[in-house]
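Undergrad: Would you mind keeping the following structure in view while I ask a few things?
Shown next, in the form of C-alpha cells:
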C-alpha cells in the first residue's frame, strides 16, 4: 500500500485527497467519478459482494458528495470499484463535458456557467466545434499558421463536426431541392474566413476537384485577392479591410501584399522599379507598421506563390507590380504652397519615377494633379489647386489605382472560371461568385464592393448543382469597435447588424409566430434581443443614418454640423442613438455588440470621395502608353469621349462599377459610397432569404490573438452578444423544428411496424393520426429519458424539440441500415439459390468429363470448354490440376474482385529499373506546418512507395514523411551540381 503523499506524477491523480483518510491502490485510471451520496459507516449501509483485502480497512473510508475518486473498473457487476456501488457515483464534469459534443444534451440547468465550462473543457481538448442543436459554435484557437494559398489550409486544428455540418447541408440540398446557405458570423478575428476556406477545401476534396482546372483557378483567385484585401491588426492576423492604401491606423498594418512585395522582389526587380534600398520604413503609407514582427522567409515564399497564382489567372505580373509600386511611391509625394501659383513638389525624383511607371509625361501628370477643370455657362476653364487639394488628389489617385486593380482581378478570375466551367460536364463541381452582393455568376469567389472599392469581407461561395439549387458559403464582415470609427466601421457594423437580424428572424421570431398561429403552448417564453430598431435607424430609406448622409453629400455646400443636427432631430427619441458629450461632432450608436462612437466629419469625407475627370484623362491613349492603366478607366474614358473628349469638371467614383439589375435606376458611376454599399447589401439579402440557412457562430477566445488561450470574460461577452444561451434554451425547452404532417409521415413512417407494412391505409386525412402513432411509439423506445424529447401537434405542422428531431433521425438511420442489410442479404440468397441447380449440374458434367479425359492418350489434348449457368461463367480445364484450381475459384466467389497487387519496389528511368532506397532531389519547396520543411534542390532519401497513391516515403530527421512523387526527381550529376550550388 502506497501513501498518498508518495504518489509520483505518472500515477493517476486524486482530487481532494485530504478527504480520503486511507488510500486504496487502484488499477490504471480509466474514468473519474463523483460520489452522489454519503459513503460512511460501510458496515451499516451495505455489505460488499466480496470481502476486501486484509490490508485495507474499509470501515475508516469516508467519501462526501462532490468528491472525485478514481475508477479503474471492476470484475464485480454493479460496482464502479471493488468496494463502491456504481449507482452512488456519476462521471466527472470535466470528463463529461469533453464527451458532450452537443449542448442540447447538457444535463442540469442550462446556465452561462455550465455553457462556458463545457466550451472551456472542449477547447483544451482541442475540440473547437460544438453543436447547439442545428447551430454550430467555433472557438478560434489562433494556433494555425495562415497558409500561403487560400484552399490549402491545415486540417490538423479542424474537427470532424465541421464536416458533419457540411454533410447535413448537402443532404438537405439533395432531399429538399432547396438552395442552402452556410452563414458564418462573429467578431473580427474569430476565424470566419479560415472556416469558410476549410469548407470549400472539403468540397473539392470530396469531388476529387483538386486535380481539376476549376480548383486551380478558384484557389488562385482567392489567394490573390486575400493578399490584396487583408491586413494585420491587434485583433486579427488576417483581417479583411475596406478603406486603407494611403494610410492606416496606429498599431495596424496596411495590406499584406505591400510587405510581401518589398521582401519578395529580387534585386533585379527592385532596380527595375527603382526600389533599391527601400524597406517598410521608407514609405509613409506603411508608417503604422513599425510594431510588426515580420518573417522575411515566409513573406518571400508567400509572394512567390502569389505571383504563381497570377500566372494561373493569366494576369501579367509586371503590370500588377507596377501599380503596387506606384501606390507606395505616391505616399512619399506632397505639395506645398508658394508665393506663385505653382506648387512646390516634395519628392520630385519620386514623382518622376511614378511618371515613368505609369508611362505618363511628367508635366502632364503634374498638371492633372494640381489643376481642375470647371464649367460655367457652357464655358470650360482651368483653375489651380492649393496644396491641400492637390495632396488629396494624390491620395485619391492611389486609392483609385488600387481599388480598380482589385476589381480587374476579380473580373478576370470570374471570366476565366466561366470559360473553364463551360468546358466541363454538368456533374463536375462548380463555384458561383458574387459580383457584389446580389448577383451570382460563374466565378472563383464572391466579393462585395466596399467604400474604397477594395474587396470587403463578405464572400458567398456557392457550389452549383443540377437545376437552380446551390450551396452557398457566406463569410460576412466581423463586428468592429476601434478608437477612430469611420465610414468603414459603420458599413461593417451595419452588415453585422443585418446578419444578426436575419438570425433572430429565422431562429426566434419565426418560431414564436408559428406558436401563435398553430396554437402551441410551449413551456418557455422566447426571450431574445431584437435589433430591428438598430437596422431601421441605420438603413431606413428616408430617415436612416446612411440615407441622411447621402442626402447631405448631394448638396453643394454640405457640412458635418448640418448632418449631425439632422440626425439629432430625426432620432432624438431613439434609445439606440445617443449624443456624445465627451467628443465634439460625434454620436453614439448602441449596436447589438456594444456602443460605438462615430465622427460625422469622417463619415462625410469618406462618403464624398470622388476622382476628377482631369485625373482620369491622364490615362487616355493620347497621354498614357501603359495599356493596363488605360483599361482600368475604360468606362469613364468612353463616357468622356462621348461628351467631347476633354475634361469638363465632372467627377467619378474611385472604383469601377458593375452592371446591376434593372431596378437600379440611378447613375452608378456617380453614386456615393454609402448608397453603393446599401445596394450591395440589399442584393445580398435578397439572395440569402431564398435559401435555407445553416449558422456557424465563430467566437474569439482571447483579446490578443494568443495561441490556445481561453479568456472567460471575452467568451462570455460574445456568448451574450450572439445569444447562444438563448438559442440553447430554445433548442432544449422549445420546439425549434416544424414539419408538415405529410412530410413527417413520408419521412418517418418506416419507424412504425404497422405503417411500414401498409396495414393502415395512407390518406391525407390519416396523416395526423399516423404521425401521432409514430411519435407515441418512439416515446416508448427512447432510452434517454433525461433529455427533452417533447413534441406538439399543431394545425398544419408537427413541432419537435431538438432532441426529439435527433432521436427521430437516429432511429431512421438505424432502420434504413437494417432494411438495406436485409435487402442485400435477400438478394444474394435469391441469386445463389436460383443459380445453384444449374451450377450443380455443371459440376457433375465437369466431374464426368474429367474422368473420361484421364483415359485418353496423353498426346491428345482436348480443347477447353466454357460452361455457363445464367450469369455465372467458368472455364473447364481437362487437367486435374486446373480442375482443382477452377473448382476452388468458383466456390461462390466468382464475383469477388481480385486482390490489389503490391506496389512495385522500383522506379523506371529510361530503360533502367532503379530499386529503393534511392536518392532524389526536390523540384520545389514542400512543407507541412509544425512537422517538416523541404526546400527546392534539397536531397532526400526515398525508402519506397507510400500507401497513399502518388506519394513516396522519405526519411527526414529520423522519421518517415510522405512527399508527392511529382515534386521529386532522381539525383543525377547535373541536378547534384545545382543542389550543391
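Numbering (full-length UniProt numbering), first residue to last: 1 to 981. Don't be surprised by glycine CBs; every beta carbon is placed ideally from N, CA and C.
Going by C-alpha distance, which of 798, 840, 615 and 963 is nearest residue 389?
TA: Translated into positions along the chain shown, residue 389 becomes position 389. Of the listed residues, the one whose Cα sits closest to residue 389 is 615.
Undergrad: For a test of the three-state rule: what should DSSP assign to residue 554, helix, strand or coil?
TA: By one-based count along the chain shown, residue 554 stands at place 554. It is coil, neither helix nor strand.
Undergrad: Could you have a look at residue 267 and say whether DSSP puts it in helix, strand or coil?
TA: Locating residue 267 in the chain shown gives position 267, where the first residue counts as 1. Here residue 267 sits in helix by DSSP.
Undergrad: Can you tell me which of 626, 525, 690 and 830 puts its alpha carbon nearest to the alpha carbon of residue 358?
TA: For the purposes of this step, residue 358 is taken as the residue at position 358 of the chain shown. Of the candidates 626, 525, 690 and 830, the one whose C-alpha sits nearest the C-alpha of residue 358 is 626.
Undergrad: Assuming the contact rule is C-beta atoms closer than 8 Å, residue 104 and residue 802 should be a hit. Round their C-beta distance to whole Å, please.
TA: In the chain shown, the residue the question calls residue 104 occupies position 104. In the chain shown, the residue the question calls residue 802 occupies position 802. The pair is a contact, with the Cβ atoms about 5 Å apart (cut-off 8 Å).
Undergrad: With a threshold of 16 other CB atoms inside 10 Å of the CB of residue 475, please say whether the residue is buried or exposed.
TA: Start at 1 with the first residue of the chain shown, and residue 475 comes out as number 475. Under this definition residue 475 is a buried residue.
Undergrad: Work out the CA separation of residue 700 and residue 528 for me, nearest whole Å.
TA: Looking up residue 528 in the chain shown gives position 528. Looking up residue 700 in the chain shown gives position 700. About 22 Å.
Undergrad: Measure the alpha-carbon distance for residue 178 versus residue 690 and round it to whole angstroms.
TA: Your numbering for residue 178 matches position 178 in the chain shown. Your numbering for residue 690 matches position 690 in the chain shown. Approximately 9 Å, taken between the alpha carbons.
Undergrad: Pull up the DSSP beta-bridge partners for residue 563, would you.
TA: Here residue 563 corresponds to residue number 563 of the chain shown, with the count starting at 1. Note: residue 563 sits in no beta bridge, so no partner.
Undergrad: Between the stretch 118-127 and the stretch 706-726, do at least 3 Cβ pairs fall closer than 8 Å?
TA: Taking 8 Å as the limit for Cβ pairs, the verdict is that the stretch 706-726 does touch the stretch 118-127.
Undergrad: What is the DSSP secondary structure of residue 752, reduced to helix, strand or coil?
TA: Along the chain shown, one-based indexing puts residue 752 at 752. Here residue 752 sits in coil by DSSP.
Undergrad: Cutting at 7 Å between CB atoms, please list the residues of its own chain near residue 329, excluding the five before and the five after it.
TA: Here residue 329 refers to the residue found at position 329 of the chain shown. Taken in chain order, the residues that qualify are 350, 353 and 354.
Undergrad: Closer than 6 Å by C-beta to residue 703: which residues in its own chain qualify, once you throw out the five before and the five after it? Chain order, please.
TA: As a first step, residue 703 must be located in the chain shown, where it is residue number 703. 714, listed in sequence order.
Undergrad: Tell me whether the stretch 199-207 and the stretch 491-509 touch, counting them as touching only if at least three CB pairs, one residue from each stretch, are closer than 8 Å.
TA: These segments do not touch.
Undergrad: Is residue 333 helix, strand or coil by DSSP?
TA: Numbered from 1 along the chain shown, position 333 holds the residue referred to as residue 333. Correct three-state label for residue 333: coil.
Undergrad: Name the DSSP beta bridge partners of residue 922, please?
TA: Sequence index remark: in the chain shown, residue 922 carries index 922 (1-based). Answer is 968.
Undergrad: So the beta strand (DSSP E) residue 942 belongs to, where does it begin and stop?
TA: On the chain shown, residue 942 is found 942 positions in, with the first residue counted as 1. Note, residue 942: beta strand (DSSP E), 939-945.
Undergrad: In the DSSP assignment, what residue or residues form a beta bridge with residue 594?
TA: Within the chain shown, the letter at position 594 stands for residue 594. Looking at the DSSP assignment, residue 594 forms a beta bridge with 591.
Undergrad: When you compare each of 522, 186, 191 and 166 to residue 180 by their alpha carbons, which one comes out closest?
TA: For the purposes of this step, residue 180 is identified with residue 180 of the chain shown, where counting begins at 1. It is 166 whose Cα lies nearest to the Cα of residue 180.
Undergrad: Sort 550, 543, 591 and 592 by Cα distance to residue 568 and report the nearest one.
TA: Here residue 568 is taken as the residue at index 568 of the chain shown, counted from 1. Cα-wise, what sits closest to residue 568 is 543.
Undergrad: Compute the Euclidean distance between the alpha carbons of residue 966 and residue 925, then round it to the nearest angstrom.
TA: Here the question's residue 966 lines up with position 966 in the chain shown. Here the question's residue 925 lines up with position 925 in the chain shown. Spanning the two alpha carbons is a distance of roughly 12 Å.
Undergrad: Measure the CB-CB distance between residue 110 and residue 729 and report whether it falls below 9 Å.
TA: Your numbering for residue 110 matches position 110 in the chain shown. Your numbering for residue 729 matches position 729 in the chain shown. Against a cut-off of 9 Å, the Cβ pair of residue 729 and residue 110 comes out as a contact.
Undergrad: Would the stretch 333-344 and the stretch 395-406 be scored as touching if the rule is three or more Cβ pairs under 8 Å?
TA: Too few Cβ pairs lie closer than 8 Å, so no.
Undergrad: Could you say which of 320, 345, 323 and 321 lies nearest to residue 332 if we only look at CA atoms?
TA: Residue 332 sits at position 332 when you count from the first residue of the chain shown. Taking only the C-alpha atoms, the option nearest residue 332 is 345.
Undergrad: Pick helix, strand or coil for residue 258, following the three-state DSSP scheme.
TA: Start at 1 with the first residue of the chain shown, and residue 258 comes out as number 258. Residue state, collapsed to three classes: helix.
Undergrad: Between residue 934 and residue 963, which are expected to be in contact by the criterion C-beta below 8 Å, what is the C-beta distance as a whole number of angstroms?
TA: Numbered from its first residue, the chain shown carries residue 934 at position 934. Numbered from its first residue, the chain shown carries residue 963 at position 963. That belief holds up - the Cβ atoms of residue 934 and residue 963 are roughly 7 Å apart, short of 8 Å.
Undergrad: How would you call residue 791, buried or exposed, if buried means at least 16 neighbouring beta carbons within 10 angstroms?
TA: Taking the chain shown and counting its residues from 1, one reaches residue 791 at position 791. By the 10 Å Cβ count, residue 791 comes out buried.
Undergrad: Does DSSP put residue 125 in a helix, in a strand, or in coil?
TA: Indexing the chain shown from 1 puts residue 125 at position 125. Coil, per DSSP.
Undergrad: Following the continuous alpha helix (DSSP H) through residue 627, name the residue where it begins and the one where it ends.
TA: If you number the chain shown from 1, residue 627 lands on position 627. Residue 627 -> alpha helix (DSSP H) spans 627-632.
Undergrad: Skipping 5 residues on each side, what residues in its chain have a beta carbon closer than 7 Å to that of residue 972?
TA: Numbered from its first residue, the chain shown carries residue 972 at position 972. Answer for residue 972: no residue qualifies.
Undergrad: Here's the rule: buried if 16 or more other CB atoms are within 10 angstroms of the residue's CB, otherwise exposed. What is residue 403?
TA: Your numbering for residue 403 matches position 403 in the chain shown. Answer is buried; the Cβ neighbour count reaches 16.
Undergrad: What number of angstroms, rounded off, separates the C-alpha of residue 124 from the C-alpha of residue 141?
TA: As a position in the chain shown, residue 124 is number 124, starting the count at 1. As a position in the chain shown, residue 141 is number 141, starting the count at 1. Spanning the two alpha carbons is a distance of roughly 9 Å.
Undergrad: Mind checking whether residue 606 and residue 482 have CB atoms under 9 Å apart?
TA: Within the chain shown, numbered from 1, the residue matching residue 606 stands at position 606. Within the chain shown, numbered from 1, the residue matching residue 482 stands at position 482. Not closer than 9 Å, so no.
Undergrad: Alpha helix (DSSP H) containing residue 717: first to last residue?
TA: For the purposes of this step, residue 717 is taken as residue 717 along the chain shown, with counting starting at 1. Note, residue 717: alpha helix (DSSP H), 712-721.
Undergrad: What does residue 491 pair with, by DSSP beta-bridge criteria?
TA: Taking the first residue of the chain shown as position 1, residue 491 is located at position 491. According to DSSP, residue 491 bridges with nothing at all.
Undergrad: Are residue 695 and residue 507 closer than 9 Å when you measure CB to CB?
TA: If you number the chain shown from 1, residue 695 lands on position 695. If you number the chain shown from 1, residue 507 lands on position 507. Closer than 9 Å, so yes.
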